[in-house]
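*Asks:* Residue numbers (the working numbering), protein chains in the order written: chain P, 1 to 194; chain H, 1001 to 1194; chain B, 2001 to 2194.
The C-beta atom is built at its ideal place from N, Cα and C for all residues, glycine as well.
Sharing a structure, written as structure tokens. Questions coming.
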Amino acid sequence: MRLRSPDAAALLLIGAAGGLIGDAAHVETATTGYLDRGVPFIWNSALWFPVAVGLGTLAIGEIRLRLPGSLEPLGPREFVAAISAVIAIYCLTAVVSGFPESVSTSLVASVSVVAVAWLVRTRADLICGMLAATAGPLAEIAIVAADVSRYAPSADGLAGVAVWLVPLYLAFGVAVARLASTLATGSLRIRAPR
Amino acid sequence: MRLRSPDAAALLLIGAAGGLIGDAAHVETATTGYLDRGVPFIWNSALWFPVAVGLGTLAIGEIRLRLPGSLEPLGPREFVAAISAVIAIYCLTAVVSGFPESVSTSLVASVSVVAVAWLVRTRADLICGMLAATAGPLAEIAIVAADVSRYAPSADGLAGVAVWLVPLYLAFGVAVARLASTLATGSLRIRAPR
Amino acid sequence: MRLRSPDAAALLLIGAAGGLIGDAAHVETATTGYLDRGVPFIWNSALWFPVAVGLGTLAIGEIRLRLPGSLEPLGPREFVAAISAVIAIYCLTAVVSGFPESVSTSLVASVSVVAVAWLVRTRADLICGMLAATAGPLAEIAIVAADVSRYAPSADGLAGVAVWLVPLYLAFGVAVARLASTLATGSLRIRAPR
């Protein structure tokens, strides 16, 4: 691990909390549903879901620190905005999941590209985004294929999962790359609020 | 009053106009409804509503000028963007008010936090936001309790008013703190458009 | 033409692609519909539609270069964000077109003003926005009057077309003015990605 333990814990908790909030919106809008109820739940999510998102967040962060390219830290306000922006896009997918999938995908993709253009600084940040945009949907396809959960008929155009998962995970991956860069450079600690 | 009269009038009018636009969206979507029709109306609002929002906007602005912390002015384009962003979040609450309240609240809160992170500069700005996020919903709870207006069943989880009022008023309060800072420092007047 | 041929082609293609994506969202949500089916189609659009949007985009860009005022280039990330933001607003109109028209118009207008405030730099940029906000809706009114296409009853308040076309075209025009400024100054070519 290249992240110090408290920073790794922070990244894991940020991912888990964001996953819980977004997943709750998906479940409440019936965008997704859990088929396997024989597992412990927390809020609207199976317990393994926020754990998986947290570990995925940590993994993307650790990968970023192993890639070449300068670590560009976010300021404290940008750090908060980056997390909130990804959660907002996550919640947006829940709100528009009932529309024809081309419509929801166009909207989510265009909003995600705005977020990516704002947050990306280095090629390594973009690689993290593309990695998340590949691994995330693939993992969800496997979960759906295993009959553990399902996506609504209006949001299952990518082998059973939503096409808009790709831009959502892209924005997530780029944001996490910047969060990890920020934590690793310790810049959050040295900038005291006024 | 620490604001010069024209600046105070500007803040009052901005608040009243924003309140009228947002309230119209709430009434049109049946997010809210007036129960007491025996009062004069303007557009979709009881006349007292834009007056109250305008006075509240002015009050937050005056409070900001009495708090310590440097007054950080917005540029002219940011000034317009701050007003429009709060109106956009206000209208967003109308559009998503029919969703389960946890979903609408998560979306409105995450978008509001992005706006707050963009606009907040000093602890005093944040205090204005928290003050608005407390006083605003409390005032609306009192209005609903007095049977003057009501919120839709999908948006009444906070003692009869919408939970997303809290992040909406938070973004409003922080934005108004910056608007007041801008007007008080006179920076809008000295920056002529090119 | 003041744009070099490859830059003119880029602007035309960006406009045509954006038009295709947004129009598909409009057609899929029945915000708009083509009445004349005796023409070739591409995706959900009559072939003439992306051609017209592409030519309109090029025209706005050429007009910008003929207006006084310094050409303020966008950075590469802002260039992508400007395009995506306009497409996002376009898709947003599709998603909210079923709401009462005052609601959809207030939301689209407030979001568009945020985008305009972010992108506008010179009076000439704003003139391009106002030109697009005038010519675009007028052209669509003529198309609807000729029974070639129609807008849904919830989005036809401006002589048969949607009122929110005005702020949508405003944001489009300002963004295109900056895209053209960027291409004309050649600043995209000299800033290599890291």
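Pull up the distance between the alpha-carbon of residue 2194/B and that of residue 123/P, whole angstroms please.
*Replies:* Counting from one through the third sequence, the residue named residue 2194/B turns up at place 194. Counting from one through the first sequence, the residue named residue 123/P turns up at place 123. Below a pLDDT of 50, predicted positions are generally treated as unreliable, and residue 2194/B, at 49, falls in that range; the measurement from the model is reported next regardless. Whole-angstrom Cα-Cα distance: 7 Å.
*Asks:* If residue 2149/B and residue 2033/B are in contact, beta carbons under 8 Å, what's the gap, nearest whole angstrom?
*Replies:* Here the question's residue 2149/B lines up with position 149 in the third sequence. Here the question's residue 2033/B lines up with position 33 in the third sequence. Residue 2149/B to residue 2033/B, Cβ: 6 Å. Contact.
*Asks:* Could you check if residue 1147/H is buried or exposed, using at least 16 other CB atoms within 10 Å of its CB as the buried criterion?
*Replies:* Walking along the second sequence from the start, residue 1147/H turns up at place 147. Exposed: under 16 other Cβ atoms inside 10 Å.
*Asks:* Just the Cα atoms here: how many angstroms apart are residue 2041/B and residue 2016/B?
*Replies:* The residue labelled residue 2041/B in the question sits at position 41 within the third sequence. The residue labelled residue 2016/B in the question sits at position 16 within the third sequence. Between residue 2041/B and residue 2016/B, the C-alpha separation is close to 14 Å.
*Asks:* Whole angstroms is fine: what's the gap from residue 97/P's alpha carbon to residue 14/P's?
*Replies:* Locating residue 97/P in the first sequence gives position 97, where the first residue counts as 1. Locating residue 14/P in the first sequence gives position 14, where the first residue counts as 1. Rounded to the nearest angstrom, the two C-alpha atoms are 24 Å apart.
*Asks:* Name, going along the chain, the residues of the region 1088-1106 of chain H whose beta-carbon falls closer than 9 Å to a beta-carbon of chain B.
*Replies:* For the region 1088-1106 of chain H, the beta-carbon criterion of a distance under 9 Å to any beta-carbon of chain B is satisfied by 1088, 1089, 1090, 1091, 1092, 1094 and 1095.
*Asks:* Say whether chain P places a C-beta atom closer than 7 Å to the C-beta of residue 2042/B.
*Replies:* Within the third sequence, numbered from 1, the residue matching residue 2042/B stands at position 42. Taking CB atoms only, residue 2042/B has no neighbour in chain P less than 7 Å away.
*Asks:* Which residues, in order along the region 1104-1128 of chain H, keep a beta-carbon less than 7 Å from a beta-carbon of chain P?
*Replies:* 1106, 1107, 1110, 1111, 1113, 1114, 1117, 1118, 1120, 1122 and 1123
*Asks:* Going along the chain, which unbroken runs of the alpha helix (DSSP H) with 4 or more residues stay wholly within the region 2032-2073 of chain B?
*Replies:* 2048-2066
*Asks:* Kindly say whether residue 2030/B, judged by its beta-carbon, lies nearer than 7 Å to any beta-carbon of chain P.
*Replies:* Sequence index remark: in the third sequence, residue 2030/B carries index 30 (1-based). No, no contact with chain P.
*Asks:* Whose C-beta lies closer than 7 Å to the C-beta of residue 2105/B among residues of the same chain, with five residues either side of it excluded?
*Replies:* Stepping through the third sequence from its first residue, residue 2105/B is reached at position 105. Excluding residues within five positions, the ones whose Cβ falls inside 7 Å are 2163 and 2164.
*Asks:* Who does residue 2161/B pair with in a DSSP beta bridge?
*Replies:* What you label residue 2161/B is simply residue 161 of the third sequence in a count that begins at 1. Looking at the DSSP assignment, residue 2161/B forms a beta bridge with 2158/B.
*Asks:* Applying a beta-carbon distance threshold of less than 8 Å, which residues of chain B neighbour residue 1078/H?
*Replies:* Locating residue 1078/H in the second sequence gives position 78, counting from the first residue. Simply 2117.
*Asks:* Look at the alpha carbon of residue 2140/B and the alpha carbon of residue 38/P, and state the distance between them as a whole number of angstroms.
*Replies:* Numbered from its first residue, the third sequence carries residue 2140/B at position 140. Numbered from its first residue, the first sequence carries residue 38/P at position 38. Between residue 2140/B and residue 38/P, the C-alpha separation is close to 56 Å.
*Asks:* To which residues of the same chain is residue 2035/B closer than 8 Å at the C-beta, ignoring the five residues directly before and after it?
*Replies:* On the third sequence, residue 2035/B is found 35 positions in, with the first residue counted as 1. When the five nearest sequence neighbours on each side are left out, the beta carbons in the same chain lying within less than 8 Å of the beta carbon of residue 2035/B are those of 2147, 2148, 2149 and 2150, in order along the chain.
*Asks:* What are the residues in the region 2001-2025 of chain B lying within 7 Å of chain P by C-beta distance?
*Replies:* Within the region 2001-2025 of chain B, the qualifying residues are 2021, 2024 and 2025.
*Asks:* By DSSP, does residue 2121/B sit in helix, in strand, or in coil?
*Replies:* For the purposes of this step, residue 2121/B is identified with residue 121 of the third sequence, where counting begins at 1. Looking at residue 2121/B - three-state DSSP - the assignment turns out to be coil, as it is neither helix nor strand.
*Asks:* Work out the CA separation of residue 2025/B and residue 1061/H for me, nearest whole Å.
*Replies:* In the second sequence, counting from the first residue as 1, residue 1061/H sits at position 61. In the third sequence, counting from the first residue as 1, residue 2025/B sits at position 25. Going by the C-alpha atoms only, they are around 41 Å apart.
*Asks:* Can you tell me whether residue 2070/B is buried or exposed, with buried defined as 16 or more other CB within 10 angstroms of its CB?
*Replies:* In the third sequence, the residue the question calls residue 2070/B occupies position 70. It counts as exposed.
*Asks:* Excluding five sequence neighbours on each side, which residues of the same chain lie with their C-beta closer than 7 Å to the C-beta of residue 1067/H?
*Replies:* Numbered from 1 along the second sequence, position 67 holds the residue referred to as residue 1067/H. Here the set comprises 1124 and 1127.
*Asks:* Starting from the C-beta of residue 73/P, find all residues in its chain whose C-beta is less than 7 Å away, skip the five residues before and the five after it, and write them out in chain order.
*Replies:* Counted from its first residue, the first sequence places residue 73/P at position 73. Around residue 73/P, the same chain offers 181, 182, 185 and 187 as residues with beta carbons nearer than 7 Å, after the five sequence neighbours per side are excluded.
*Asks:* If you compare alpha carbons, which of 99/P, 159/P, 51/P and 11/P is closest to residue 178/P?
*Replies:* Along the first sequence, one-based indexing puts residue 178/P at 178. When each option's Cα is compared against that of residue 178/P, the closest is 11/P.
*Asks:* For residue 153/P, count neighbouring C-beta atoms within 10 Å of its own C-beta (all shown protein chains included) and say buried if the count is 16 or more, exposed if not.
*Replies:* Here residue 153/P is taken as the residue at index 153 of the first sequence, counted from 1. Exposed, since its Cβ has fewer than 16 Cβ neighbours within 10 Å.
*Asks:* Would you mind stating whether residue 53/P and residue 175/P have Cβ atoms separated by less than 7 Å?
*Replies:* Stepping through the first sequence from its first residue, residue 53/P is reached at position 53. Stepping through the first sequence from its first residue, residue 175/P is reached at position 175. Cβ atoms of residue 53/P and residue 175/P: not closer than 7 Å.
*Asks:* Residue ranges of each alpha helix (DSSP H) run of no fewer than 4 residues wholly in the region 2085-2119 of chain B, ordered along the chain?
*Replies:* 2101-2119
*Asks:* Cβ atoms of residue 2133/B and residue 2058/B: under 7 Å apart, would you say?
*Replies:* Residue numbering aside, residue 2058/B sits at position 58 when the third sequence is read from its first letter. Residue numbering aside, residue 2133/B sits at position 133 when the third sequence is read from its first letter. For residue 2058/B and residue 2133/B, no; Cβs fall outside 7 Å.
*Asks:* Where do the ends of the beta strand (DSSP E) carrying residue 1150/H lie?
*Replies:* Taking the first residue of the second sequence as position 1, residue 1150/H is located at position 150. 1149-1151 is the span of the beta strand (DSSP E), which, as asked, contains residue 1150/H.
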